[in-house]
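First residue of the sequence shown? That's 1 in our numbering, and the numbers climb one at a time after it. The C-beta atom is built at its ideal place from N, Cα and C for all residues, glycine as well. Have a look at the structure below, then the notes.
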Amino acid sequence: MSRSKYRKGAKAEWELKRHLEANGLYVVRSAGSHGLFDLVAIGPKEVLLIQVKKGKGRERPPVEFREKVRGLKGMKRVRVIWAHKGDFGWVMRDV
1 MSRSKYRKGA KAEWELKRHL EANGLYVVRS AGSHGLFDLV AIGPKEVLLI
51 QVKKGKGRER PPVEFREKVR GLKGMKRVRV IWAHKGDFGW VMRDV
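This is how it looks when you write it as C-alpha cells:
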C-alpha cells in the first residue's frame, strides 16, 4: 500500500474515531494491524466492530469480508459495521 493511501485511510479512521467519541463511545483504533477491523467502539449497550473505508466505490463490503465476519453476526450486542465517508457525512452500514 502506498504511503498516501495509508495516510488517507488513517485520517479517515481518526476522523470517525473522534466523531464516535463525541457521541459518547469509547473507541480503540487498531493501527497497522491489517486485521478485519480498524476501530472497536464500546457503548453502554453494544460493541461496534468497524471497518473504515475512504473514497468512492467503497460503499459496500466485498463478499470476502462478509464471509469472514458471518460468525460474529449472531453475537449479542455486537455489530459489524462497514463505514465510509459519504457526500454528507459518515455512512455506517451493518454487515
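Residue i: buried (16+ other C-beta within 10 angstroms of its C-beta) or exposed?
i	result
Phe-88	exposed
Glu-21	exposed
Ala-12	buried
Is the Cβ-Cβ distance between residue i and residue j less than 7 Å?
i	j	result
Pro-61	Trp-82	yes
Val-27	Leu-39	yes
Val-80	Leu-49	yes
Val-78	Val-95	no
According to DSSP, simplified to helix, strand and coil, what is residue i?
i	result
Val-95	coil
Gly-9	helix
Gly-86	strand
For residue i, collect the residues of the same chain with a Cβ closer than 6 Å to its Cβ; drop the 5 residues on either side in sequence, then sort them by chain order.
i	result
Leu-25	Ala-41 and Gly-43
Output needed for residue i: all residues of its chain with C-beta closer than 7 Å, excluding positions within five of it in sequence on either side, in chain order.
i	result
Arg-66	Val-95
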